[in-house]
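Take the sequence shown: its letters are residues 1413 to 1797, numbered as in our numbering. Where a beta carbon is used, it is the ideal one built from N, C-alpha and C, also for glycine. Read through the structure below, which is laid out as structure tokens, and then see the notes.
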Amino acid sequence: MKTSAAPVRFDPLLLCAVLALVALGLVMVYSASAILAQDKLGDSLYFLKRQLMAAGMGVVAMAVAMKIGWRRLARLAYPLLLVTLVLLVLVLIPGIGTTAGGARRWIRFPGFGLQPAEVAKFAWVVYLSYSLAKKREKVATFSVGFLPHLALCGVLVALCMRQPDFGSSVLLVFLLFVLLFAAGTKLSYLVGSVLLALPLAYVAIATSPYRMKRVLAFLDPWAHRHDVGYQVAESLMSIGSGGLTGLGLGDGRQKLFFLPEAHTDFIFAIIGEELGLIGVALLVTLYAIVIWRGVRVSLAAPETFGTYLGLGLTSIVAFQAAVNMCVAMGLLPTKGLTLPFVSYGGTSLVVLMGAAGVLLSLSTGAQGASNRTVRAGGDMREVAA
């Protein structure tokens, strides 16, 4: 007598945490942007409506990703990378790419804008996961496992730096190192490349006036309170004034034309001001759940490609959340990375919700992984069930 297999279910805790972050983001985007939108655009709901539209598209992207399944992404690794390279080139062409805040990062379409760097993060993880899984027997070699991936990362970083987008460039390098380390690349290659890159990073910062200003603001924001340290100082004041319980939702003061980018890069400061330490703790807990469940389903994946894919997508959320919150608290120089699922930004929200859909798809296949995957000494080998 045969017993019927139990229905495969996605991870409900991961889904709830992602949706809670999106819901919190919608509330805080409205709270942080309503007065600015009314003053500049005559519509207090302007940013909320656009974020709601992006959230709707994100739900569709999540559902499609879950329906397609993570395995089929392997076939799309090269097409996604090619499309990303084309978009990163197009955004640099005057008349196609549009400039805002001194950076050319958007391609405008009727009704919405596309930020190629956000797409590049997802495409880079898919490509790396596929390539490293395919070459896993030779991933420890310099000529096959390390150098080609480093060279391609250099191309993507160069295109991002032309915008300029330093934050996305650092994230692309971070993703490369995380997945190379997970795949078993020699640690000496990773450490050596970091040491060689340090002088280049110094030159990139020292030769750029706006990056030097950000470093000065980071080192001593109060000494530059009225110029380059203004954003960081206002952010620290915003977070500090929230106390334990906050001033109350909608009652924050720094969004009243004091804190620039209150609904985008510095929305964490508004959360700290209006919801206090309790709200910040809730936010951090939700991110911890997403990271925990993401790593969990990744390590339980039935195939090496799934493991790398899950770790890479989870790393995007972890890195951006950590950097954004640290910047708002003055622990890192300003980077311009959004707070995942929370900050205003259509492309970022849609891509991240699509990535969450991939993780949810991965969680449905992780239940039977123990019968198909053997891990020994960090190496992953697929075996017959």
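Reduced DSSP category for residue i - H, G, I as helix; E, B as strand; rest coil
{"i": "residue 1586", "result": "helix"}
{"i": "residue 1668", "result": "coil"}
{"i": "residue 1781", "result": "Note that residue 1781 scores a pLDDT of 44, beneath 50, so its modelled location is shaky; the value from the coordinates is reported in the next line. Residue 1781: helix per DSSP, three-state reduction."}
{"i": "residue 1713", "result": "coil"}
{"i": "residue 1574", "result": "coil"}
{"i": "residue 1605", "result": "helix"}
{"i": "residue 1465", "result": "helix"}
{"i": "residue 1754", "result": "coil"}
{"i": "residue 1640", "result": "coil"}
{"i": "residue 1598", "result": "coil"}
{"i": "residue 1674", "result": "coil"}
{"i": "residue 1436", "result": "helix"}
{"i": "residue 1487", "result": "helix"}
{"i": "residue 1619", "result": "coil"}
{"i": "residue 1726", "result": "helix"}
{"i": "residue 1741", "result": "coil"}
{"i": "residue 1633", "result": "coil"}
{"i": "residue 1747", "result": "coil"}
{"i": "residue 1663", "result": "coil"}
{"i": "residue 1456", "result": "coil"}
{"i": "residue 1648", "result": "helix"}
{"i": "residue 1658", "result": "coil"}
{"i": "residue 1481", "result": "coil"}
{"i": "residue 1580", "result": "helix"}
{"i": "residue 1773", "result": "helix"}
{"i": "residue 1653", "result": "coil"}
Alpha carbon of residue i to alpha carbon of residue j, nearest angstrom
{"i": "residue 1481", "j": "residue 1774", "result": "7 Å"}
{"i": "residue 1621", "j": "residue 1425", "result": "45 Å"}
{"i": "residue 1558", "j": "residue 1598", "result": "9 Å"}
{"i": "residue 1797", "j": "residue 1714", "result": "For residue 1797, the predicted structure reports a pLDDT of 29, less than 50, and the residue's modelled location is therefore unreliable. A value from the coordinates is still provided. So the alpha carbons of these two residues sit roughly 10 Å apart."}
{"i": "residue 1493", "j": "residue 1529", "result": "12 Å"}
{"i": "residue 1437", "j": "residue 1550", "result": "43 Å"}
{"i": "residue 1703", "j": "residue 1730", "result": "6 Å"}
{"i": "residue 1644", "j": "residue 1531", "result": "28 Å"}
{"i": "residue 1630", "j": "residue 1600", "result": "31 Å"}
{"i": "residue 1561", "j": "residue 1539", "result": "10 Å"}
{"i": "residue 1432", "j": "residue 1753", "result": "9 Å"}
{"i": "residue 1735", "j": "residue 1680", "result": "11 Å"}
{"i": "residue 1380", "j": "residue 1515", "result": "The question about residue 1380 has no answer here: the residues shown for the chain are numbered 1413 through 1797."}
{"i": "residue 1655", "j": "residue 1763", "result": "33 Å"}
{"i": "residue 1627", "j": "residue 1660", "result": "33 Å"}
{"i": "residue 1483", "j": "residue 1718", "result": "7 Å"}
{"i": "residue 1537", "j": "residue 1612", "result": "24 Å"}
{"i": "residue 1751", "j": "residue 1637", "result": "24 Å"}
{"i": "residue 1793", "j": "residue 1541", "result": "Summary for residue 1793: the model assigns pLDDT 38, below 50, so the residue's position carries little reliability, and this model does not support an answer."}
{"i": "residue 1500", "j": "residue 1518", "result": "10 Å"}
{"i": "residue 1757", "j": "residue 1466", "result": "8 Å"}
{"i": "residue 1555", "j": "residue 1497", "result": "23 Å"}
{"i": "residue 1677", "j": "residue 1491", "result": "31 Å"}
{"i": "residue 1469", "j": "residue 1761", "result": "9 Å"}
{"i": "residue 1695", "j": "residue 1738", "result": "14 Å"}
{"i": "residue 1618", "j": "residue 1747", "result": "16 Å"}
{"i": "residue 1726", "j": "residue 1547", "result": "22 Å"}
{"i": "residue 1427", "j": "residue 1741", "result": "28 Å"}
{"i": "residue 1675", "j": "residue 1460", "result": "10 Å"}
{"i": "residue 1781", "j": "residue 1422", "result": "Caution is warranted here: a pLDDT of 44 is assigned to residue 1781, below 50, making its placement in the model unreliable, and the coordinate value is therefore given only provisionally. If I take the Cα positions, the gap works out to 14 Å."}
{"i": "residue 1634", "j": "residue 1712", "result": "47 Å"}
{"i": "residue 1604", "j": "residue 1595", "result": "17 Å"}
{"i": "residue 1615", "j": "residue 1623", "result": "11 Å"}
{"i": "residue 1489", "j": "residue 1544", "result": "12 Å"}
Sheet register partners of residue i (DSSP bridge)
{"i": "residue 1554", "result": "Note: residue 1554 sits in no beta bridge, so no partner."}
{"i": "residue 1424", "result": "Answer by DSSP bridge pairing: none, since residue 1424 is not bridged."}
{"i": "residue 1506", "result": "1509"}
Min CB distance residue i to chain C below 9 Å
{"i": "residue 1726", "result": "Among the protein chains of the structure shown there is no chain C, as only one such chain exists."}
List in chain order: all unbroken alpha helix (DSSP H) runs of 4+ residues lying wholly within the stretch 1510-1564. 1528-1546
Answer yes if the stretch 1581-1588 comes into contact with the stretch 1559-1571, meaning at least three C-beta pairs across the two stretches below 8 Å, and no otherwise. yes
The stretch 1442-1454 in contact with the stretch 1657-1677 per 3-pair CB rule at 8 Å: yes
Touching by the beta-carbon criterion (3+ pairs, under 8 Å), the stretch 1684-1693 and the stretch 1501-1513: no
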